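Residue numbers are given in our numbering: position 204 of the sequence shown equals residue 199, and the series is strictly consecutive. The structure appears below as structure tokens.
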Amino acid sequence: MAILEVKDLQAGYGKVDVLFGVSFSLEPGQSLGIVGPNGAGKSTLMKAIAGEVALKSGSVHLQGSPISGKKPEDVVRLGLSLVPEGRQIFGGLTVTENLMLGLTGRRDKASSKQALDQVRGLFPVLNTHAEYQAGMLSGGQQQQLAIARALVADPKVLLLDEPSLGLAPTVIMDVFSKLKEIIALGTSVVIVEQRAHLVTAFAEKTLIIRAGKVQATLTPEDAKDEVALRRAYFGAGA
Ligand SMILES: Nc1ncnc2c1ncn2[C@@H]1O[C@H](COP(=O)(O)OP(=O)(O)OP(=O)(O)O)[C@@H](O)[C@H]1O
Ligand SMILES: [Mg+2]
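Listed below in structure tokens is the structure:
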């Protein structure tokens, strides 16, 4: 059974429709990439899945149970977390305080401590800089914090909206290698990414979204073919 199943999802803002029937499924232990031009609806899709934008129609199932229509905090509790575009960490709070915010919904102290220890193991900088104000961290460190904050909720599915935004190429490779570790630990991931080549090579499949619709699905094989990748991304005229 798919861990995440999105069926014919339509969503938008007020009277403006942005997504026109998006469907895909994510298998346990796998990753799915999402690429597409600015304004295509990628962030709207992430927010709609996470319960932050209402669906006009369609459905989202997590481990076979419907999550569409649920509040964002309930979606997190059920096992799906979003690392939003632009990270949105709290610069005036310490690293540890930011991490604690991700614990919302966890009940007992022991499992909270275990979750914190686990992300500090994965991202040692969050341990060495535990008492730093988050705003003082570098861009790459802030992205690690944003991912870690989502992970302490122990998600089955982690959505990442442009985790590499504003990061140097070597730091981007670090983020992707951490994602590999996270997947190996049992979390499936959806990654929105501007660098089509990078994510197509990384994920089992990658959707190209244009004007609110899935235009094509790519596999790692396609990452080797620059021309096909450009065509798929920009349309037949590219
Ligand atoms: N809060 C909002 N209210 C109204 N319209 C919005 C809102 N957020 C996004 N939109 C519109 O929805 C469309 C899709 O935006 P979205 O942010 O989902 O695109 P995107 O694919 O994530 O783009 P980018 O690559 O630039 O991040 C755009 O036309 C945008 O103007
Ligand atoms: Mg976006």
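Backbone N, C-alpha and C define an ideal beta-carbon position, used for all residues, glycine too. This one's a predicted model, so the numbers in the text were calculated from it and none came from an experiment.
Residue i - DSSP class collapsed to helix/strand/coil
{"i": "leucine 121", "result": "helix"}
{"i": "valine 147", "result": "coil"}
{"i": "glutamate 0", "result": "strand"}
{"i": "valine 48", "result": "coil"}
{"i": "serine 172", "result": "helix"}
{"i": "leucine 94", "result": "helix"}
{"i": "glycine 34", "result": "coil"}
{"i": "aspartate 156", "result": "strand"}
{"i": "leucine 195", "result": "It should be noted that the sequence gives threonine, not leucine, for residue 195. Reduced to three states, the DSSP call for threonine 195 is helix."}
{"i": "leucine 213", "result": "strand"}
{"i": "leucine 140", "result": "helix"}
{"i": "threonine 99", "result": "coil"}
{"i": "leucine 111", "result": "helix"}
{"i": "leucine 88", "result": "coil"}
Buried or exposed by the 16-neighbour rule on C-beta atoms within 10 Å, applied to residue i
{"i": "asparagine 93", "result": "buried"}
{"i": "glutamine 109", "result": "exposed"}
{"i": "glycine 59", "result": "exposed"}
{"i": "glutamate 176", "result": "exposed"}
{"i": "leucine 224", "result": "buried"}
{"i": "aspartate 149", "result": "buried"}
Residues sharing a beta bridge with residue i, DSSP
{"i": "isoleucine 29", "result": "Val187, Leu202"}
{"i": "histidine 56", "result": "Glu0, Pro61"}
{"i": "lysine 208", "result": "Arg205"}
{"i": "phenylalanine 229", "result": "BP columns for phenylalanine 229 are empty, so no partner."}
{"i": "leucine 40", "result": "Bridge partners of leucine 40: none, in fact."}
{"i": "leucine 14", "result": "Ala6"}
{"i": "leucine 77", "result": "Leu154"}
{"i": "glutamine 128", "result": "Thr89"}
Test item: CB-CB of residue i and residue j under 8 Å
{"i": "glutamine 137", "j": "arginine 82", "result": "yes"}
{"i": "phenylalanine 197", "j": "glycine 28", "result": "yes"}
{"i": "leucine 174", "j": "valine 184", "result": "yes"}
{"i": "serine 26", "j": "isoleucine 186", "result": "yes"}
{"i": "glutamate 126", "j": "threonine 182", "result": "no"}
{"i": "alanine 141", "j": "isoleucine 84", "result": "yes"}
{"i": "leucine 98", "j": "leucine 75", "result": "no"}
{"i": "proline 67", "j": "glutamate 80", "result": "no"}
{"i": "arginine 205", "j": "proline 32", "result": "yes"}
{"i": "glutamate 188", "j": "glutamate 157", "result": "yes"}
{"i": "valine 152", "j": "leucine -1", "result": "yes"}
{"i": "isoleucine 203", "j": "valine 30", "result": "yes"}
{"i": "valine 55", "j": "leucine 121", "result": "no"}
Of the residues the options, the one placed nearest residue i, counting alpha carbons only
{"i": "lysine 219", "options": "Thr89, Val194, Val147", "result": "Val194"}
{"i": "alanine 6", "options": "Thr39, Arg226, Val30", "result": "Thr39"}
{"i": "alanine 45", "options": "Leu154, Ala148, Asp3", "result": "Leu154"}
{"i": "glycine 161", "options": "Ile178, Glu176, Pro150, Gly134", "result": "Gly134"}
{"i": "lysine 208", "options": "Glu157, Asp112, Val1", "result": "Val1"}
{"i": "valine 71", "options": "Lys51, Met(-4), Leu96, Leu50", "result": "Leu96"}
{"i": "alanine 211", "options": "Ile178, Val17, Leu50", "result": "Val17"}
{"i": "alanine 163", "options": "Pro61, Arg190, Val78, Ser106", "result": "Arg190"}
{"i": "leucine 132", "options": "Thr214, Asp112, Gly87, Glu22", "result": "Gly87"}
Ligand 4 heavy atom lying under 7 Å from the CB of residue i
{"i": "alanine 35", "result": "In the structure shown, ligand 4 is absent; the only ligands present are ligand 1 and ligand 2."}
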